[in-house]
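Structure first, then comments.
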Amino acid sequence: MTERALPATLTEAGPSPGSRWLGYLGVRVAIVFIVFLWSLPTAGLLISSLRDSDALVETGWWDAVLHPFESAQQWTLANYATTLGAEGMGEAFVNSIIVTVPATVIPITIAAFAAYAFAWMRFPGRTVLFAIVVGLLVVPLQMSLVPILRLYGNLDLNGTFLGVWLAHTGFGLPLAIFLLYNFISQLPKDLLESAFIDGASHLTVFMRLILPLSIPALAAFAIFQFLWVWNDLLVALVYLGVSSDVAVMPARLNELVGTRGDQWHILTAAAFVTMVVPLIVFLALQRYFVRGILTGSVKG
Amino acid sequence: MTSPAVPIERPTDWRGLAARLAAPVGAVLAVAVMVLSLGFLADPDGPQNALIGLYNALGLTGQAEALAQEGLDPILSKAIIAVVGLAIGVGGIWLIYIGAHSVLELLGPRWLSRLVPWVFIGPALLLVGVFLVFPSITTIITSFTEGDGFIANFGFVFTDADMLIALRNNALWLVLVTGGSVIIGLVIASLVDRVRAEALAKTFIFLPLAISMAGAAVIWRFVYAWQPPQEAQIGLLNAGWTALGNEPVPWLQTPGVNTFLLILIMVWLQTGFAMVVLSAAIKGIPSEVIEAARCDGAGESRIFFRVIVPMIRGSIIVVATTIAVAVLKVFDIVYVTTGGRFETEVVANRMFNEMFLFRDLGRASALAVILFLAVIPIMIINIRNLRRQGIGA
Chain A
1461 MTERALPATL TEAGPSPGSR WLGYLGVRVA IVFIVFLWSL PTAGLLISSL RDSDALVETG
1521 WWDAVLHPFE SAQQWTLANY ATTLGAEGMG EAFVNSIIVT VPATVIPITI AAFAAYAFAW
1581 MRFPGRTVLF AIVVGLLVVP LQMSLVPILR LYGNLDLNGT FLGVWLAHTG FGLPLAIFLL
1641 YNFISQLPKD LLESAFIDGA SHLTVFMRLI LPLSIPALAA FAIFQFLWVW NDLLVALVYL
1701 GVSSDVAVMP ARLNELVGTR GDQWHILTAA AFVTMVVPLI VFLALQRYFV RGILTGSVKG
Chain B
109 MTSPAVPIER PTDWRGLAAR LAAPVGAVLA VAVMVLSLGF LADPDGPQNA LIGLYNALGL
169 TGQAEALAQE GLDPILSKAI IAVVGLAIGV GGIWLIYIGA HSVLELLGPR WLSRLVPWVF
229 IGPALLLVGV FLVFPSITTI ITSFTEGDGF IANFGFVFTD ADMLIALRNN ALWLVLVTGG
289 SVIIGLVIAS LVDRVRAEAL AKTFIFLPLA ISMAGAAVIW RFVYAWQPPQ EAQIGLLNAG
349 WTALGNEPVP WLQTPGVNTF LLILIMVWLQ TGFAMVVLSA AIKGIPSEVI EAARCDGAGE
409 SRIFFRVIVP MIRGSIIVVA TTIAVAVLKV FDIVYVTTGG RFETEVVANR MFNEMFLFRD
469 LGRASALAVI LFLAVIPIMI INIRNLRRQG IGA
């Protein structure tokens, strides 16, 4: 064993306790500042939506935070009543649910079958077909708009929920198959082999084994698709339109920006109503969502 | 041990056959019901007509007439469509898979093993084909043939003054949103790693990802709101700006500034995504590597730029690619804030306007093709990077 001289820098490498503590404080201050900055716009929206229309244009929303108990602030829930009722956000909320639930559930089923086949079955053209499906991940949705609009015109599907469910299913499938494939193909091989030796068919293995084991991946994709469909404006505008009996919330919100652009008490409440459901879903299921992002983008 | 005296009865086989036939017959019936109910779902008056039919069949003609006159409550009607749609979308699809599988089972094990993969991927391929492959090909053809033809459609894109603004803006969006989100996300990811409330801080920065772009557009319209100089400024930006002694500025109507302010909205939305992925990548670096660098006397910033960044290079490229592809397609932010006026136009928004405002499907298709072509180089860079790392094909 040869004795090696310690690098001279080693003794100076560790910062002194004092400067380390300062550095730690600096990091904390920086993070608090960033979090504050990031939350400020949304906080302003939420506070404004709870203020009377007069108070809202007379003073900035931060005034209501600094002096919350002065009578001039005029806290109220009336904006929400107006938005949900007269301004049609309530009906748009119902439409959004009707559009989103099937458009989330249907692609999951179809994608799970396909992902299983791509992962565990041998058939001619498997690699090529899978490459095509994954390649379609990057094809902009805009490429489909004109032809599908024409197709729907011929089939009388424009402005129907069925048309939007099908469109969201088609557009969502590449990501769904990709995410589920990443998960399903990683399941232990022995497990499936022993099932086949016991005489199970592919269908049985899929239903009894694969689906229960894939719940985390299914949940991750469900959250993705839910947020995407719920927040979508483009597909909804193109295939559903803006008539109040079918318009979803982002579309209705956009209408309000056009017609009520200066009435901030309505716009802020309306914007917050569109955000409530995705925020709840997101906060409740964040863990799965993050896991889904990580399998989708890091391994990819 | 006695062998059974009575031979196995013949009828049992018939019963077995019936049982084997039941599933396929049921499946065929289910498919038929499903196809018929698609018509029901596509018709907004479907629930009402079905109820009237039901009343008539039950002999309740009075109720049927009343319903025909008053019409069904729209919310109830929509709820019926949704429930039926969900039942068919879930139950019907399962029946198709199970039914097709049982038909193959009847044909024997050889056919089963040969055809069952196609049953599993068939519906997915069909839908992807109808909604992505076939339309993409059609759009390319349309961009060449529709309107005044290829030269006019694409020539317009590269000569029209508004379009040149849109192309310039798209380039700005691409560079600034991607660069901004990745850099800020990386900085936050490396900072947040060191505090105890990491998860909470991350949630706040990640949260905008759950907000629709239309919602985000309204949030930021409010930040950028403008009031005449004599009135109180309720927009955060103008409040700060006037507090510094300046005249209030109608930010979104001011060319030269407004595009950057719209880009900021997208950075706000996407940084959380970059942060989460990069934070996971940083956590994946073995702590010995960083310890070793520290022992060798590297300072914090040196470790960051010479050790951490190179080691998560792959993740950075993946994040940048994902964001860049998302940026190219972005439409909602511009549509809701300015509608593309005041020199804020981007390609995706212009495409929407060509479709619905100007009814020029040739130009709209040409713009879609350009979006598509813009994605390809980004993807090639990404695939090359994956190859170099030895991942994938």
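Residue numbers (our numbering), protein chains in the order written: chain A, 1461 to 1760; chain B, 109 to 501. Every residue, glycine too, gets a C-beta built ideally from N, C-alpha and C. Everything numeric in this text was worked out from a predicted model, so none of it was measured.
- Those residues of the stretch 1644-1663 of chain A placed with their C-beta closer than 9 Å to a C-beta in chain B are S1661, H1662, L1663, ordered along the chain.
- Not a single unbroken stretch of the beta strand (DSSP E) spanning 3 or more residues falls wholly within the stretch 1629-1702 of chain A.
- For N346/B, the enclosing alpha helix (DSSP H) stretches over residues 344-351.
- Listed along the chain, the chain A residues whose CB falls inside 9 Å of the CB of A400/B amount to none; the nearest CB is some 11 Å away.
- Rounded to the nearest angstrom, the gap between the Cα atoms of T311/B and V426/B is 22 Å.
- Boundaries of the alpha helix (DSSP H) harbouring L194/B: 182-195, taken from the DSSP string.
- Short of 6 Å from the beta carbon of L194/B, and not among the five residues preceding or following it, lies no beta carbon of its own chain.
- Sixteen is the threshold: when 16 or more other Cβ atoms of the shown chains lie within 10 Å of the Cβ of H1628/A, as they do, the residue is buried.
- Annotation: G1632/A to E399/B spans about 43 Å, alpha carbon to alpha carbon.
- Secondary structure at W1535/A: strand, using DSSP grouped into helix, strand and coil.
- Against chain A, the CB of D440/B has a partner CB under 8 Å away; the residue lies at that interface.
- Contacts with chain B at 8 Å (Cβ-Cβ) do not include P1672/A.
- P1738/A places its beta carbon less than 8 Å from that of L1687/A.
- Contact annotation: in the stretch 1710-1744 of chain A, residues whose CB is within less than 7 Å of a CB in chain B are P1710, L1713, N1714, V1717, W1724, L1727, T1728, A1731, T1734, M1735, P1738, L1739, F1742.
- One finds V1598 in chain A with Cβ atoms closer than 7 Å to the Cβ of V433/B, taken in chain order.
- For P182/B, the residues of chain A that pass the 7 Å Cβ criterion are D1705, in the order they occur in the chain.
- Burial of F1684/A is indicated by the presence of at least 16 other C-beta atoms within 10 angstroms of its C-beta.
- In the three-state DSSP reduction, R410/B falls in the helix class (H, G or I).
- In the three-state scheme derived from DSSP, where H, G and I count as helix and E and B as strand, R304/B is classed as coil.
- Shown in chain order are the members of the stretch 315-331 of chain B whose Cβ falls below 9 Å from a Cβ of chain A: L315, P316, L317, A318, I319, S320, M321, A322, G323, A324, A325, V326, I327, W328, R329, F330, V331.
- Judged by their CB atoms, L360/B and Y332/B are nearer to each other than the 8 Å cut-off.
- When Cβ-Cβ separations below 8 Å define contact, T1620/A makes contact with chain B.
- With respect to L203/B, L1622/A sits apart: the two C-beta atoms are not nearer than 8 Å.
- Short of 7 Å from the beta carbon of L1596/A, and not among the five residues preceding or following it, lie these beta carbons of its own chain, in chain order: P1634.
- Between L1605/A and chain B, the shortest Cβ-Cβ separation is below 8 Å.
- Chain-ordered, the chain A residues with CB closer than 8 Å to the CB of W202/B read T1569.
- Distance from the Cα of V198/B is smallest, within the candidate group P1562/A, V1554/A, A1546/A, L1544/A, for P1562/A.
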